[in-house]
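Following the UniProt record's numbering, the numbering of the sequence shown begins with 1 at its first residue and continues without gaps. Structure first, commentary second.
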Amino acid sequence: MPPVLASGDDTVGPEAAEVAPGVRSVVVKHALGARAAAMLHPVEACDRIERGGPEDAGQPRGRPHSALLSIGLPDDPPGHRTHRDTRSL
Numbered sequence: 001m002p003p004v005l006a007s008g009d010d011t012v013g014p015e016a017a018e019v020a021p022g023v024r025s026v027v028v029k030h031a032l033g034a035r036a037a038a039m040l041h042p043v044e045a046c047d048r049i050e051r052g053g054p055e056d057a058g059q060p061r062g063r064p065h066s067a068l069l070s071i072g073l074p075d076d077p078p079g080h081r082t083h084r085d086t087r088s089l
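Next up, the structure:
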C-alpha cells in the first residue's frame, strides 16, 4: 500500500516525495540541526496531521495490481511453480 501522508520536520516533504511521489506531507516540527527540533504543541501537531490527510483516506481504492511471483531455487526441479496473488486487502 503506498503511503498517503508523511509527518515530521521541515525536511519530510522533499524526502518523502523522493520515495513516494504524490505523498502529502505535514510539518509538525522544524529541524535545528541533526539532533534537535523546535516542536509544535501536540494539540496543534495532531490538528495539522488530521487536516493534512487526504479526504478520501480509508476509502476503498479498488483492486490491487496483480503480482506474479516466481521462485527458483538451485534445487528446484525443471518447471518450478509460480504463484499469482490477486487477493484484496
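Glycine included, every Cβ here is placed at the ideal spot set by N, Cα and C.
Check your understanding: So, helix, strand or coil for residue 52, using DSSP?
Key -> helix
Point to revise | Pairwise C-alpha distance: residue 70 and residue 13 | key: Taking the straight line joining both Cα atoms gives about 35 Å.
Review point. What residues match up with residue 30 in a beta bridge as DSSP calls it?
Key: 38
Exercise for review: Give the single residue among 21, 27, 23 whose Cα lies nearest to the Cα of residue 10.
Suggested key: 27
Review point. Who does residue 6 pair with in a DSSP beta bridge?
Key: 25
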